[in-house]
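Trainee: Numbering (our numbering), first residue to last: 77 to 451.
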């Protein structure tokens, strides 16, 4: 009896020691640790719900959620690889903390304290984990240019990794685009005086977007502004963000490239191939050629007009008719099917010609300005 008793006591001691050793071996995730500084821990992020309802969450409250720790890596648009260890709660859990369900929303807008803004669209929300990092490299106190939190989306480009997140806007709907006109950017901005914009030590000509928008037929300020680079990177912005102090740099390194006082170097969209509002798209033909590749017709190489319209998301192309305008106002009416037999060809003299397969018997266009769907 005594032997059994002592065996039980010995087993219990070994079990307790094992538990103690195991417990000591588990390292607390840095983002769950308080800095001990009341002011730091009480930093707030405002969550703006539809109908302008605002909810708030503090750093201290977010530390009590489940934490994720991972080796973060992102590529800036400069090509620089940034690597660090990040830790924090998921965006899903942060929203649940204020009784919001991430699946109820179509998009999330993240505002940094420095004025930077990034829109996260449904494709990203559905396919990537969004983490609000509260600790970097095992340090629960973030530097001044990062606190109170940094958005981390592993697998996405640098512009999505927003520092100093102070406000998150929840969008329950995204106004649908209906692209009706596609413009050649260089010809669209004819007559607009470029602004010599100084950006990180470089002075280059840039065009203010609001002046470009003034030439479009229709602007819906509730829609999103979309950009896509020649290497396939796509970024969305809220219209209110790009409607003031927002430029497209048209010369110099990285051009065409979006710039503004709130965009840090490396967070830009370089070599933009196209951008769009709710009803209009503007293209940069040379970059479109890099994005889509070229096709040869009648011994000449260029980008198929039909593929350009597909890329900027014109709907039901083959069931519509289109008018093509040159810079002198001359127009040519074609079918959607014809657009797959016509090439946009950049010329060395700065013009953008359209040539057709001979079977269409359509007249060439010497310098394209616009392709417009016929209502």
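Beta carbons: idealized from backbone N, C-alpha and C, even for Gly.
Flag residue 300 as yes when its Cβ comes closer than 7 Å to any non-hydrogen atom of the ligand FAD, and as no otherwise.
Mentor: The model on display carries no ligand, and the ligand FAD is accordingly not part of it.
Trainee: Using a 10 Å radius around the Cβ and a threshold of 16 neighbouring Cβ atoms, would you call residue 407 buried or exposed?
Mentor: Taking the chain shown and counting its residues from 1, one reaches residue 407 at position 331. Exposed is the call here.
Trainee: Taking the alpha helix (DSSP H) that residue 116 falls in, what are its first and last residues?
Mentor: Here residue 116 is taken as the residue at index 40 of the chain shown, counted from 1. 114-117 is the extent of the alpha helix (DSSP H) around residue 116.
Trainee: Tell me residue 350's beta-bridge partners as DSSP assigns them.
Mentor: Indexing the chain shown from 1 puts residue 350 at position 274. BP columns for residue 350 point to 304, 359.
Trainee: Kindly confirm or deny that the segment 366-379 and the segment 258-271 touch, where touching means at least three C-beta pairs closer than 8 Å.
Mentor: The segment 366-379 is not in contact with the segment 258-271.
Trainee: Compare the Cα-Cα distances from residue 342 to each of 433, 213, 331 and report the closest residue.
Mentor: For the purposes of this step, residue 342 is taken as the residue at position 266 of the chain shown. Cα-wise, what sits closest to residue 342 is 331.
Trainee: In the DSSP assignment, the beta strand (DSSP E) including residue 422 goes from what residue to what residue?
Mentor: Indexing the chain shown from 1 puts residue 422 at position 346. Note, residue 422: beta strand (DSSP E), 418-422.
Trainee: Using a Cβ distance threshold of 8 Å, determine whether the segment 281-296 contacts the segment 308-325, with at least three qualifying pairs required.
Mentor: A contact exists between the segment 281-296 and the segment 308-325.
Trainee: Excluding the five sequence neighbours on either side, which residues of its own chain have a C-beta within less than 6 Å of the C-beta of residue 412, listed in chain order?
Mentor: Taking the chain shown and counting its residues from 1, one reaches residue 412 at position 336. 393, 394, 396.
Trainee: So who's on the other strand from residue 272, going by DSSP bridges?
Mentor: The residue you call residue 272 lines up with position 196 of the chain shown. Partner(s): 281.
Trainee: Can at least three beta-carbon pairs, one atom from the segment 243-251 and one from the segment 121-134, be found at a separation below 8 Å?
Mentor: Yes, the segment 243-251 touches the segment 121-134.
Trainee: In angstroms, rounded to a whole number, what distance separates the CA positions of residue 327 and residue 170?
Mentor: Looking up residue 327 in the chain shown gives position 251. Looking up residue 170 in the chain shown gives position 94. Those two C-alpha atoms are separated by around 42 Å.
Trainee: For the segment 180-194 and the segment 127-145, state whether three or more C-beta atom pairs, one from each stretch, are separated by less than 8 Å.
Mentor: At 8 Å Cβ cutoff, the stretches do not touch.
Trainee: Name the residue from 230, 141, 212 whose alpha carbon lies nearest to the alpha carbon of residue 203.
Mentor: Translated into positions along the chain shown, residue 203 becomes position 127. Here the closest residue by C-alpha is 230.
Trainee: Whole angstroms is fine: what's the gap from residue 368's alpha carbon to residue 265's?
Mentor: Sequence index remark: in the chain shown, residue 368 carries index 292 (1-based). Sequence index remark: in the chain shown, residue 265 carries index 189 (1-based). Those two C-alpha atoms are separated by around 24 Å.
Trainee: Please report the distance separating the alpha-carbon of residue 160 from that of residue 310.
Mentor: Position 84 of the chain shown, counting from 1, holds the residue named residue 160. Position 234 of the chain shown, counting from 1, holds the residue named residue 310. Using only the alpha carbons, I get a separation of about 24 Å.
Trainee: Taking contact to mean 3 or more Cβ pairs, one atom from each stretch, closer than 8 Å, check whether the segment 411-431 and the segment 217-232 are in contact.
Mentor: Short answer: they don't touch.
Trainee: Looking at the structure shown, is residue 122 part of a helix, part of a strand, or coil, going by DSSP?
Mentor: Residue mapping note: residue 122 aligns to position 46 of the chain shown, counting from 1. Three-state result, residue 122: strand.
Trainee: What does a CB cutoff of less than 6 Å around residue 454 pick up in its chain, not counting 5 residues either side in sequence?
Mentor: With the chain covering only 77 through 451, there is no way to say anything about residue 454.
Trainee: Report the partner residues of residue 410 according to the DSSP bridge assignment.
Mentor: Counted from its first residue, the chain shown places residue 410 at position 334. Answer is 398.
Trainee: Does the distance from the CB of residue 299 to the CB of residue 263 come in under 8 Å?
Mentor: One-based indexing of the chain shown puts residue 299 at position 223. One-based indexing of the chain shown puts residue 263 at position 187. Not in contact: residue 299 and residue 263 (Cβ atoms no closer than 8 Å).
Trainee: Which residue comes first and which comes last in the beta strand (DSSP E) that contains residue 147?
Mentor: Taking the first residue of the chain shown as position 1, residue 147 is located at position 71. 144-151 is the span of the beta strand (DSSP E), which, as asked, contains residue 147.
Trainee: Going by beta carbon distance, what residues of the same chain come within less than 6 Å of residue 333, once the five residues before and after it are set aside?
Mentor: Looking up residue 333 in the chain shown gives position 257. Closer than 6 Å at the Cβ level, and outside the excluded window around residue 333, lie 325, 344, 346.
Trainee: So what does residue 259 bridge to, in DSSP terms?
Mentor: Position 183 of the chain shown, counted from the first residue, corresponds to residue 259. According to DSSP, which records beta bridges pairwise, residue 259 is partnered with 358, 446.
Trainee: Only counting the same chain, and skipping five residues up and downstream in sequence, which positions put a Cβ closer than 6 Å to that of residue 435?
Mentor: Your numbering for residue 435 matches position 359 in the chain shown. No residues qualify anywhere along the chain.
Trainee: Could you please give me the residues that DSSP links to residue 244 through a beta bridge?
Mentor: Position 168 of the chain shown, counted from the first residue, corresponds to residue 244. Note: residue 244 sits in a beta bridge opposite 123, 186.
Trainee: For residue 98, which residues from the same chain have a beta carbon less than 6 Å from its beta carbon, with the 5 sequence-adjacent residues on both sides left out?
Mentor: For the purposes of this step, residue 98 is taken as residue 22 along the chain shown, with counting starting at 1. For residue 98, the predicted structure reports a pLDDT of 40, less than 50, and the residue's modelled location is therefore unreliable. A value from the coordinates is still provided. Around residue 98: no qualifying Cβ.
Trainee: Name the one or two DSSP bridge partners that residue 430 has.
Mentor: Within the chain shown, numbered from 1, the residue matching residue 430 stands at position 354. Paired residues: 420, 441.
Trainee: Counting only the same chain and skipping the five closest in sequence on each side, list residues whose C-beta sits under 6 Å from that of residue 365.
Mentor: By 1-based counting over the chain shown, the position of residue 365 is 289. For residue 365, where only same-chain residues beyond five positions count, the Cβ hits under 6 Å are 379.
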